[in-house]
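Structure record follows, encoded as structure tokens.
In the working numbering, the protein residues as written are 606 to 1199.
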């Protein structure tokens, strides 16, 4: 949640760069936007509730003076979205400004103490304790860096923060604990940011902060200090992502751009086969149980992994929600492989579970962001190759996670036939993408619906779950995914002529059963959208609308291909309803709080 940028330039005006950079992080929060720059001994502050373009049209951030500053986009936790609760936050004298991502768990106790000492608060946020604490410690004689070090000894929780102070010009001091923060090193320009898309336009030389590290940006460069205040050197990672990858490149929205990039994302991730085989060779024969741990869309990818590993290899496999992991943690042992899936590698619940699993089990992280916390904590890492994903709803990162899981499972099973079939998946997806017009037309039929059901069996059950999630998070239509055999155990009571049902019916051993379930909902008056194989006359005859896919895509490969028309459905319904599919309400791309 939330996005942070800090920047120091040697000879240029910082506000336009801060605005451009923070705009690349709006997927992390869009409740409010704020910038603080410093010039001639004064902090200049502009902030307000609303999306960046709306607020910038009123405040004109780019005109702010100064060559160093900080910026923030907010996903509200403590306090409603308002100008007062927007970041940056200042001390009472207006000489210190702070931006923060995360939650200060003990802020109420700190706030009470500060109020008793005469400090006044203007917001409802937990963040505002930080500039007041910095003010207090600097009045005791500490410089900004040492005051930040003392602050992180007082506050509790997960956080990343950056601060500036007029008493120490041309300097940004930043630190992190359990919330992401990277450092960008350019020519005469130095950055901190929550994620790399913010600064790719300016530099692809990235360093990663560890828990408790402090970084000091000045006109002359970057200094890193570890949690013991020792000056350290950081390895510089040169990202192969281009600035264009974080732009819309002519598309109306990031989401549709990223849906259209899925064939390429899969081709690129298939290139990780040798690295994945090395991991498989290392764990093969040493494990008798697999546990997937994930949240949201990654949880649906994990369910597919369970079906694959159990059906191909016969190893018992479980899927746990990261937020519920602690209730099962004591059942782990050294013969368990725990696989953590996270697009960002910074999901708070997932990281907490990863730390617990590391104590007793082998751990594997499947992530899309290089250098993220998960990549540095897990025993093994599979790096998906989706490139930066800006749309909040996961699309290309989801299919990239799936293809990584398929490769891992097929290699674990020595299934050469499946490995060969995976090579054709990008072509199957490309075929779907060429028929987007069909889904666009179908989408008009569902624009006014308030509810929808998605059903599938076996490998199609996770497709139904993910299809329903996409529709509800992007179009705000209440949608539920069900294992089709469960309909008779309660949910079918809700089916009538007002409920459209999406039936995922690929060829395979469950086809006859899913067609029986189709008949059950049809008999209750439901409008049927069938997703099945080209030439499937029964599905065509029994459905009100159909989207047909290459018949070579059977139930085993269906999760990789059949999800694409459902992503397109959610996108087009959202656009038809005049919503912003890139920025769904109340959601953020990276969930860094529990």
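Beta carbons: idealized from backbone N, C-alpha and C, even for Gly. The model shown is predicted, which means the values in this text are computed figures rather than measured ones.
- In the structure shown, residue 1186 falls within a coil segment according to DSSP collapsed to helix, strand and coil.
- Its Cα nearest to that of residue 633, the residue 706 stands out among 1034, 769, 706 and 1007.
- Secondary structure note for residue 926: its beta strand (DSSP E) is the uninterrupted segment 922-926.
- Sequence-distant Cβ neighbours of residue 895 in its own chain, meaning closer than 6 Å and more than five residues away, are 914, 920, 922 and 942.
- Fully contained in the segment 615-676 are the following alpha helix (DSSP H) runs of length 4 or more, in chain order: 620-628 and 657-664.
- The criterion of a C-beta distance shorter than 9 Å is satisfied by residue 1010 and residue 946.
- Around the Cβ of residue 737, a 10 Å sphere holds 16 or more other Cβ atoms; the residue is buried.
- Fully contained in the segment 1028-1086 are the following beta strand (DSSP E) runs of length 3 or more, in chain order: 1056-1061.
- Annotation: the continuous alpha helix (DSSP H) that includes residue 714 extends over 712-721.
- Close CB contacts of residue 1175 within its chain, under the 7 Å cut and outside five residues either way in sequence, are with 1075, 1076, 1079 and 1080 (chain order).
- Selection 761, 815, 822 and 780 evaluated against residue 789 yields 822 as nearest (Cα-Cα).
- Residue pairing by DSSP puts residue 969 in a beta bridge opposite 944 and 985.
- Listed as beta-bridge partners of residue 1105 by DSSP are 1132.
- Rounded to whole angstroms, the Cβ separation of residue 1138 and residue 1105 is 21 Å, and the two are not in contact under 8 Å.
- As computed with DSSP, residue 608 is found in a beta bridge with 678.
- In this chain, the beta strand (DSSP E) harbouring residue 705 covers 701-709.
- In the DSSP annotation of this structure, the continuous segment of the alpha helix (DSSP H) that includes residue 1165 starts and ends at 1163-1166.
- Ranked by Cα distance from residue 798, the options 1094, 991, 1032 and 785 are led by 785.
- In the DSSP assignment, residue 732 falls outside any alpha helix (DSSP H) and carries neither an H nor an E.
- Each residue's CA atom was taken as its position, placing residue 1029 and residue 1008 some 12 Å apart.
- Per DSSP, the continuous beta strand (DSSP E) segment holding residue 828 begins and ends at 826-830.
- By the criterion of a C-beta distance shorter than 8 Å, residue 715 is surrounded in its chain by 709, 734, 738, 759 and 760, once the five residues flanking it on both sides are discounted.
- Excluding its 5 nearest sequence neighbours in each direction, residue 827 has C-beta neighbours in its own chain below 8 Å: 788, 790, 795, 812, 820 and 821, listed in chain order.
- Sequence-distant Cβ neighbours of residue 965 in its own chain, meaning closer than 7 Å and more than five residues away, are 937, 938 and 939.
- Taking C-beta separations shorter than 7 Å and ignoring five residues to either side along the sequence, the partners of residue 851 in its chain run 629, 802, 805, 993 and 995, following chain order.
- In the three-state scheme derived from DSSP, where H, G and I count as helix and E and B as strand, residue 787 is classed as strand.
- In this model, residue 682 and residue 638 are separated by some 15 Å (Cα to Cα).
- Residue burial annotation: residue 932 is exposed, with fewer than 16 other C-beta atoms found within 10 angstroms of its C-beta.
- With contacts defined by Cβ atoms closer than 9 Å, residue 1059 and residue 1107 form a contacting pair.
- The alpha-carbon of residue 839 is positioned some 7 Å away from that of residue 829.
- The C-alpha of residue 677 is placed about 13 Å away from the C-alpha of residue 688.
- The straight-line gap separating the alpha-carbon atoms of residue 654 and residue 685 is approximately 9 Å.
- For residue 762, there is no enclosing alpha helix (DSSP H); the enclosing beta strand (DSSP E) has its first and last residue at 762-770.
- DSSP places residue 1094 in the helix class (H, G or I) of the three-state scheme.
- Comparing C-alpha distances from residue 861 to each of 1173, 1192, 624 and 1178 shows the shortest one belongs to 1173.
- Taking the CA atoms as reference points, residue 889 sits about 13 Å from residue 969.
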